[in-house]
Amino acid sequence: MRIGLIGYPVQHSASPRMQNAAFAAVGLTEWTYELWPTPLDALAERLRELRKNHHIGGCNVTIPHKQNVLGALDVLSDHARMLGAVNTIVKRDGQLIGHNTDWLGFLADLRFNGFEPVGGQRALVLGAGGSARGIVYALLKCGLRVHIVNRDAARAHSLAHDLHPLGTVSAITTMHQAGAIDLIINCTSAGMDPHLDTTPWPLDLPFPRQAFLYDLVYKPRQTVLIQQAEAAGARCAGGIGMLAEQGAAAFELWTGVPAAQVAPVMRAALG
Ligand code: NDP
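This note's numbering puts the first residue of the sequence shown at 566, with every later residue one more than the last.
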């Protein structure tokens, strides 16, 4: 069975390495994970091929197509519909079913790193782009109270407005307004290669040492933000484990093999 990654560009993706390692580890020797670079003008043809080729069982979807594929699918999971974004497509009985495993991957890796999200905790989300939407969704599902702060404040307001039916979420204009916080999640691309010297946390504001920092950025592993948090004595985790866990959740959807069984293989494949 063939599985692939639809996006553009995709050549630097680590997904083939971790998915193929997992296929091998569970004895699915006929399964392969491929890169399917797909510019926007080739998306419709790519989805037609996905639908009609019996050797293809599904795919992952990444930037810039997580929203673009919505209208072409037969069924959306409740989560994908609420998030307005699909990162995994499964083909069942000729139907294309859209799922979102990014938010599941975040929660799994947060727990793996020793932070148990529970109702009543307060979280501060930095950023209001595509990933922030999934993170805020995950946090509200767990009953946390969420503040969002973003460089472009209007985007933070719009995200809070969209997800407020799910729980307590508000946009704030500076980190200084956040008050006591249990969990800080960086969903900005500040610090991500090649922006190695940037950080979303103001240099003149002490990082709260009681908070747990989860930085979605995974390249480099040690961001300036993680250095700031560590210097303050806070506990931290980078985003590489989320990459593995969202992949493991997708693997379960395609193969039926539990995510928990393959997540360690995927973590090891990412190094
Ligand atoms: P988007 O492009 O959708 O959003 C980018 C966000 O970063 C916006 O909120 C933007 O603010 C903010 N931003 C960019 N540069 C700066 C800066 N210098 N200072 C402050 N804020 C800044 O990206 P995504 O949400 O898809 O991804 C964000 C990061 O998360 C990326 O580094 C990505 O690699 C990582 N990621 C990791 C995953 C994992 O599995 N670990 C999964 C998904 C993403 P504004 O709105 O003002 O422009």
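All C-beta atoms, glycine included, are put in the ideal place defined by N, C-alpha and C.
The ligand NDP and residue i: does any heavy atom of the ligand fall closer than 7 Å to the residue's C-beta?
i: Val734; result: no
i: Leu781; result: yes
i: Met740; result: no
i: Ala590; result: no
i: Gln584; result: no
i: Pro785; result: no
i: Arg676; result: no
i: Asn625; result: no
i: Ser696; result: yes
i: Ala755; result: yes
i: Asn633; result: no
i: Gln811; result: yes
i: Trp831; result: Note on identity: in this sequence residue 831 is Met, with Trp being the wrong assignment. No, the ligand NDP has no heavy atom inside 7 Å of this Cβ.
i: Pro682; result: no
i: Ala693; result: yes
i: Met566; result: no
i: Arg716; result: yes
i: Pro767; result: no
i: Thr788; result: no
i: Thr763; result: yes
Using 8 Å for Cβ pairs, my map puts residue i next to residue j. What's the rounded Cβ distance?
i: Ala579; j: Leu790; result: The pair is not a contact, with the Cβ atoms about 21 Å apart (cut-off 8 Å).
i: Thr738; j: Ala718; result: 5 Å
i: Asn840; j: Leu648; result: This structure does not reach residue 840, given that the chain is present from 566 up to 836, and the question cannot be answered.
i: Leu748; j: Tyr783; result: Not confirmed; about 18 Å, so no contact.
i: Thr764; j: Gln742; result: Contact flag wrong, Cβ pair sits at about 19 Å.
i: Ala797; j: Phe772; result: 4 Å
i: Glu663; j: Leu641; result: This sequence places Gly at residue 663; Glu is not what is there. Going by Cβ atoms, the distance from Gly663 to Leu641 rounds to 5 Å, so yes, they are a contact pair.
i: Leu731; j: Leu705; result: 4 Å
i: Asp780; j: Asn751; result: 4 Å
i: Asp639; j: Leu661; result: 5 Å
i: Ala650; j: Gly695; result: 6 Å
i: Gly803; j: Arg786; result: 5 Å
i: Gly572; j: Thr597; result: With a Cβ gap of about 17 Å, Gly572 and Thr597 do not count as contacting.
Give me, in chain order, the residues of the same chain whose beta-carbon lies closer than 6 Å to that of residue i; leave out the 5 immediate sequence neighbours on both sides.
i: Cys707; result: Pro682
i: His644; result: Asn665
i: Val822; result: Val591
i: Thr733; result: Arg710
i: Thr788; result: Gly756, Asp780, Val782
i: Ala637; result: Leu612
i: Val575; result: Leu600, Pro602
What residues are listed by DSSP as bridge partners for residue i?
i: Asn751; result: Leu691, Asp780
i: His712; result: Leu689, Ser735
i: Val626; result: Ile571
i: Pro602; result: Gly572
i: Ile621; result: Arg567
i: Thr597; result: Arg567
i: Arg800; result: Phe777
Which same chain residues, not among the five before or five after residue i, have their C-beta less than 7 Å away from its C-beta?
i: Phe677; result: Gly806
i: Thr753; result: Leu691, Gly692, Pro765
i: Glu595; result: Met566
i: Gln686; result: Leu709, Asp747, Leu748
i: Ala755; result: Thr763, Thr764, Pro765
The ligand NAD and residue i: does any heavy atom of the ligand fall closer than 7 Å to the residue's C-beta?
i: Gly572; result: As for the ligand NAD, it is missing from this structure, which binds only the ligand NDP.
If I measure Cβ to Cβ from residue i and keep anything under 8 Å in the same chain, skipping five residues before and after, which residues do I get?
i: Asn633; result: Leu605, Leu608
i: His722; result: Ala736
i: Trp668; result: His644, Leu648, Gly699, Ile700, Tyr702, Ala703, Lys706
*Fully enclosed by the region 634-693, which alpha helix (DSSP H) runs are 4 residues long or longer?*
Entirely contained in the region 634-693, the alpha helix (DSSP H) runs reaching 4 residues are, in chain order, 643-648, 667-677.
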